[in-house]
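Novice:
Protein chains in written order, with this note's numbering: chain A, 1 to 413; chain B, 1 to 333.
#1: Assuming residue 153/A and residue 110/A form a contact by the criterion Cβ under 8 Å, report the distance between their Cβ atoms to the nearest whole angstrom.
#2: So residue 291/B contacts chain A; which residues on that side make the cut at Cβ distance below 9 Å?
#3: Let me know the alpha helix (DSSP H) ranges lying completely inside the segment 149 to 198 of chain A, each 4 residues or longer, listed in chain order.
#4: Does the separation of the CB atoms of residue 368/A and residue 51/A fall below 7 Å?
#5: Note down, in chain order, each residue of its chain lying with its Cβ closer than 8 Å to the Cβ of residue 177/A, except the 5 sequence neighbours on either side.
#6: Is residue 406/A helix, strand or coil when you go by DSSP?
#7: Distance cutoff 7 Å, beta carbons only. Does residue 214/B sit that close to anything in chain A?
#8: What residue range is occupied by the uninterrupted alpha helix (DSSP H) comprising residue 310/A?
#9: Under a CB-based cut-off of 7 Å, is residue 200/B close to chain A?
#10: Can you tell which of 107/A, 340/A and 191/A has its C-alpha closest to the C-alpha of residue 321/A?
#11: Quick test of your reading: residue 253/B and residue 281/B, contact by CB under 8 Å. State the CB separation rounded to the nearest angstrom.
#12: Take the Cβ of residue 123/B as the centre, count every other Cβ of all protein chains shown within 10 Å, and call the residue buried at 16 or more, exposed below.
#13: On the DSSP letters alone, give me the boundaries of the beta strand (DSSP E) that residue 82/A sits inside.
#14: Taking 7 Å as the threshold (beta carbon to beta carbon), is residue 1/A in contact with chain B?
#15: Does any CB atom of chain A fall closer than 7 Å to the CB of residue 190/B?
#16: When DSSP labels each residue in this structure, what does residue 219/A get in the three-state scheme?
#17: Give the residues of chain A in contact with residue 31/B, contact being defined as C-beta atoms less than 8 Å apart.
#18: Using 8 Å for Cβ pairs, my map puts residue 286/A next to residue 130/B. What's the rounded Cβ distance?
#19: For residue 25/A, name the three-state secondary structure that DSSP assigns.
#20: Can you list the alpha helix (DSSP H) stretches of 4 or more residues lying completely in the segment 64 to 133 of chain A, in chain order?
#21: Hey, is residue 192/A's beta-carbon within less than 7 Å of any beta-carbon in chain B?
#22: Quick check: does the Cβ of residue 274/B come within less than 6 Å of any heavy atom belonging to the ligand MN?
#23: Around the C-beta of residue 112/A, are 16 or more other C-beta atoms found within 10 angstroms, so that it is buried, or is it exposed?
#24: Just confirm the distance between the C-beta atoms of residue 60/A and residue 358/A, as a whole number of angstroms; I'd bet it's less than 8 Å.
#25: Identify the contact partners of residue 255/B in chain A, using a Cβ-Cβ distance below 8 Å as the criterion.
#26: Just to confirm, is the Cβ distance from residue 27/B to residue 197/B under 7 Å?
#27: Check each residue of the segment 217 to 240 of chain B: if its Cβ is closer than 8 Å to any Cβ of chain A, include it; give the result in chain order.
#28: Going by DSSP, name the residue or residues bridged to residue 8/A.
#29: Mapping DSSP to helix, strand and coil, what is residue 413/A?
#30: Reducing DSSP to helix, strand and coil, say where residue 138/A ends up.
#31: Contact criterion: CB-CB distance below 7 Å. Does residue 308/A meet it with respect to chain B?
#32: Go through its chain and collect everything with a Cβ distance to residue 67/B's Cβ below 6 Å, but skip five positions before and after it.
#33: What's the gap between the Cα of residue 140/B and the Cα of residue 105/A?
#34: Could you give the C-beta distance for residue 222/B and residue 206/B, rounded to a whole number, given that I count them as a contact under 8 Å?
#35: Below 7 Å CB to CB, which residues in the same chain sit around residue 16/B once its five sequence neighbours on both sides are set aside?
#36: Since I believe residue 276/A is in contact with residue 226/A (beta carbons under 8 Å), could you give me their beta-carbon distance rounded to a whole number of angstroms?
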C-alpha cells in the first residue's frame, strides 16, 4: 500500500465512529486513516477526492456471503466480506481457508468463516484452531443447523475457548426437512413443501441454551420470525453473548413474493409471513438485530430456471444491500449512524477486524455515498455474477459514488 | 355462505361468445379460472360423453395436429386417458417415455421443453413431480400446455372430470356438501378440487389428521375436520384420496390399519352421509384401506368408473378448446 500516494477525501459529510455527522475531510496514509475532521486538509502530493458534499462512510463489511463477487461488492460499497464455508469443496481445512483469505486482496478483503464441522455434515468438528491461524475470523455451520445437541455443545465449548464466534443457521432440520417455503396460505396454494416458521424459534431456543451453558458467543446469521427475535431479545436481556443478523429480503418481502413460483424469491430460510416481516423491522429498530448483510449468492439460470423446489436458494444481494437499508433510514426506523453500525461497525466487531468505522488508526475502507440517489434494479444489467434478484425493476435510492480500500481507489463515478 | 351461494347461480350458466368463453392459452390450474369458464369446459365435455358412448368414437377435429404427452412422473390412467382423448379427436399423439429419455441423462426440464417445442407440437400435456414445473414450461413454449399434475400443486383435468361427474348426478353445485378425505397435504387432486368446487358454489369440507393437512387450508374456503364421522354428516359427495403408502412409513400415520380405523370409508360410515351421497375416488384405490370394496363397488352410489369415463370426455374437451386458436376456429383465432 505504501507505494500509493496518501489519499484525502475532502468536502464531505463525515459519518464519525461516535455516530455524529460533520462536514470535513479525511486523510489516509499507508492504508490507515491518519486524520479526520473539519480541519483536515490535503498535504502536498496527496491524491485528493472531492466528495462534493456527499456522505463519507466506512466501507461495508458484509457478513455471510456465498461467493466472492468483486464487481457486485464494489458496486454495493462492500470492502470486506465474510465468506460462508458453503463452498465447493467446503472451507473445512486450513489450506482452503488460507487460499480464500488471500483471494480478494488487495481490493477486497475476504474473511473466511471456518466450517464448524467436517464437510459441514454436523457430526465431526473441523480443525478450527488451525483454520483460525490460517485466517478464519469466525466459525459457521453453513446453510445448515447442527442437529445433534451434543456436537453443538462441544463446538461451543471449543470456540468459547478459542474466542471465536459461531455463526449458525437457525432452522430445526427435523421440522424443515426438504421444505422450500414457510407453511402458510401461499405454500398451500402453490403446493410447495413447507415447514412451520416455528422451526426457527425452536433452533434458536436450543442454541441460546447451549450458549448459556458454555458462555460462548453465538451469532444467528438470519433471524426472520417474530418468535425467534423474541428469544434473541430475551437472551440479550440476560446478558448472553448472542447477536443476530438479517438480510434486506426479510424486511422488504414476505412469502407473497413466491407467487408464480418465482425462484428468485427462493431463499434459505424461506420468506416468512407479513407479520414476521414487520417483526424484523421492529427488531432492527429496537436493537435486537445487530447486522444487516447481503447473503450474496449469485446463481445463474442452471440453478434458478427450474421448478421452485428444485431450484437453489439464494439471491444476489450485494448491490441492493445499501439502498434497502437506506429505506429503513428514510422510513424513520433507524438513524443513518445506526444503519452503518448494522452494515459495517457491528460485523467488523464480530469478525474482529480493524474496520467498519471512521476513526484515526482504523484501516482506510471508505465509501462516498449518495444516500438518496435513485436508480432502478435491473437483473439483466447487474454487476454481480448473476442477476438473481427478487427486486428486479424496482426503484431504489442510495448509491455508492466512490469506494476506497486501504486508501486506494476502487470505484469513482 | 348459503346466502351467498344462491346468488352465484346465474353466472355459472352463461358465458360470453367465442374465445371469451375461455380466454386462456393453457390449462395450468383451476386457480385463475372464473366459474363460468369451468362451466364452459363442462358443457363442452357433454358432447364427448355422448360420442364415447356410441360405436363410432372418432371425430377428426384435430386431424394433423401433434399432441405430445410428456410425463416426467409415472402414470397409467391419466396418460392413457389423454392418449385416448387425443386419438378420438384424430390428433397424432406421441407419448414421451421418461424412463428411456434424455431426462434420465441429466437434461434439464427447460431443455426438454424447448426440444418438444422445436418439434412443433400443437399441444403439450405435462406431468411432473415438482410443483410449478408446468407453469415454468407454459411460459416458454409456443403451444397450449395442459397440466396433467405438477407435484402437490394442481391436477386441473382431474378436478374438471370430478365436477362433470358430480354435475351429471346432482345437476348443480350450489349448497352441495362435498367431503374430501385423506392426504390433503400431498394431494394436487385435493387442491384443484377445492378450487373448482368452491368456485362452483359447493360447500367443501376437508378431513384428515393434522399432519396431512396443509397450513392455512381454511383460507381456501373449506371447512376443516379431523373427525370423519362429523365431516360425513349431511354430505352429498364423499371424495376419498389415495393413501400414498410409500409416503407414510410411520411419519404421518402409525399404520394403514389405524388409518382405516379413523379415515376408511366403510358402509357404516357412508350411512352417516346423505342417503344418495356419491362416492368418488381418483384412483388407483387401496381397497381395504381408505375405501372398503363393498363401498367402492356400491352400484348407484360409487362413481369411480364414471370418473374414468368422464376423464376421457373432459380431456377431449380441453384439447379441443385449447387448440381452437391454433386451428383457426371462427371466433377463436
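Where a beta carbon is used, it is the ideal one built from N, C-alpha and C, also for glycine.
Specialist: With the given structure in hand:
#1: Stepping through the first chain from its first residue, residue 153/A is reached at position 153. Stepping through the first chain from its first residue, residue 110/A is reached at position 110. No, residue 153/A and residue 110/A are not in contact; Cβ-Cβ is about 30 Å, not under 8 Å.
#2: If you number the second chain from 1, residue 291/B lands on position 291. Within chain A, no residue comes near residue 291/B; the closest Cβ sits about 24 Å away, beyond 9 Å.
#3: Residue ranges of uninterrupted alpha helix (DSSP H) with 4 or more members, entirely inside the segment 149 to 198 of chain A and ordered along the chain, are 149 to 162, 173 to 176 and 185 to 190.
#4: Along the first chain, read from residue 1 onward, the residue named residue 368/A stands at position 368. Along the first chain, read from residue 1 onward, the residue named residue 51/A stands at position 51. It is a contact, given that the beta carbons lie within the stated cut-off.
#5: As a position in the first chain, residue 177/A is number 177, starting the count at 1. Closer than 8 Å at Cβ, skipping near neighbours: 193 and 195.
#6: For this step, residue 406/A is matched to residue 406 along the first chain. In the displayed model, residue 406/A falls within coil according to three-state DSSP, outside both helix and strand.
#7: As a working mapping, residue 214/B is identified with position 214 in the second chain. It does: the Cβ of residue 214/B has a partner Cβ on chain A nearer than 7 Å.
#8: Mapped onto the first chain, residue 310/A falls at position 310. Residue 310/A -> no alpha helix (DSSP H), and no H or E assigned at all.
#9: Counting from 1 along the second chain, the entry for residue 200/B is found at position 200. No, residue 200/B does not count as interfacial toward chain A.
#10: Along the first chain, one-based indexing puts residue 321/A at 321. Residue 321/A has its Cα closest to that of 340/A, out of 107/A, 340/A and 191/A.
#11: Here residue 253/B is taken as the residue at index 253 of the second chain, counted from 1. Here residue 281/B is taken as the residue at index 281 of the second chain, counted from 1. So it is not a contact: roughly 18 Å between Cβ atoms.
#12: The residue given as residue 123/B occupies position 123 in the second chain. Counting other Cβ atoms within 10 Å of its Cβ, residue 123/B reaches 16 or more and is therefore classed as buried.
#13: Walking along the first chain from the start, residue 82/A turns up at place 82. Segment 78 to 83, the beta strand (DSSP E) holding residue 82/A.
#14: In the first chain, counting from the first residue as 1, residue 1/A sits at position 1. Only weak support exists for where residue 1/A lies, its pLDDT of 42 falling under 50; the coordinates are left without a value.
#15: By 1-based counting over the second chain, the position of residue 190/B is 190. Chain A contact via Cβ: absent.
#16: For the purposes of this step, residue 219/A is taken as the residue at position 219 of the first chain. Note: residue 219/A maps to strand in three-state DSSP.
#17: As a position in the second chain, residue 31/B is number 31, starting the count at 1. Under the 8 Å cutoff, chain A gives 189.
#18: Here residue 286/A refers to the residue found at position 286 when the first chain is read from its first residue. Here residue 130/B refers to the residue found at position 130 when the second chain is read from its first residue. Between residue 130/B and residue 286/A the Cβ distance is about 40 Å, and since that is not below 8 Å, they are no contact.
#19: In the first chain, residue 25/A corresponds to position 25, counting from 1. Strand at residue 25/A.
#20: Along the segment 64 to 133 of chain A, the alpha helix (DSSP H) occurs as fully enclosed runs of 4 or more residues at 70 to 75, 94 to 102 and 128 to 133, listed in sequence order.
#21: As a first step, residue 192/A is located in the first chain; it is residue number 192 there, counting from the start. Yes, residue 192/A counts as interfacial toward chain B.
#22: The model depicted lacks the ligand MN and carries no ligand whatsoever.
#23: Position 112 of the first chain holds residue 112/A. Around the C-beta of residue 112/A, 16 or more other C-beta atoms lie within 10 Å, and the residue is accordingly described as buried.
#24: Within the first chain, residue 60/A is the residue found at index 60, counting from 1. Within the first chain, residue 358/A is the residue found at index 358, counting from 1. Not really, about 13 Å apart at Cβ, beyond 8 Å.
#25: For the purposes of this step, residue 255/B is identified with residue 255 of the second chain, where counting begins at 1. Residue 255/B does not reach chain A, its nearest Cβ partner there being about 21 Å away, counting only Cβ pairs nearer than 8 Å.
#26: One-based indexing of the second chain puts residue 27/B at position 27. One-based indexing of the second chain puts residue 197/B at position 197. It is not a contact, given that the beta carbons lie outside the stated cut-off.
#27: Using a CB distance below 8 Å, the part of the segment 217 to 240 of chain B facing chain A consists of 217, 219 and 220, ordered along the chain.
#28: Counted from its first residue, the first chain places residue 8/A at position 8. Its beta-bridge partners are 27/A and 48/A.
#29: Taking the first residue of the first chain as 1, we reach residue 413/A at position 413. Coil.
#30: Residue 138/A sits at position 138 when you count from the first residue of the first chain. In the structure shown, residue 138/A adopts extended strand secondary structure according to DSSP, grouped into three states.
#31: Translated into the one-based positions of the first chain, residue 308/A becomes position 308. Interface residue (Cβ-Cβ distance to chain B less than 7 Å): residue 308/A is classified as such.
#32: The residue labelled residue 67/B in the question sits at position 67 within the second chain. Shown here for residue 67/B: same chain residues with a beta carbon closer than 6 Å to its own, the five before and five after excluded, namely 86, 91, 93 and 123 in chain order.
#33: On the second chain, residue 140/B is found 140 positions in, with the first residue counted as 1. On the first chain, residue 105/A is found 105 positions in, with the first residue counted as 1. Approximately 42 Å between the Cα atoms of the pair.
#34: In the second chain, counting from the first residue as 1, residue 222/B sits at position 222. In the second chain, counting from the first residue as 1, residue 206/B sits at position 206. So it is a contact: roughly 5 Å between Cβ atoms.
#35: Locating residue 16/B in the second chain gives position 16, counting from the first residue. Cβ within range, chain order: n/a, list empty.
#36: Within the first chain, residue 226/A is the residue found at index 226, counting from 1. Within the first chain, residue 276/A is the residue found at index 276, counting from 1. For residue 226/A against residue 276/A, the beta-carbon gap comes to about 5 Å, under 8 Å, which counts as contact.
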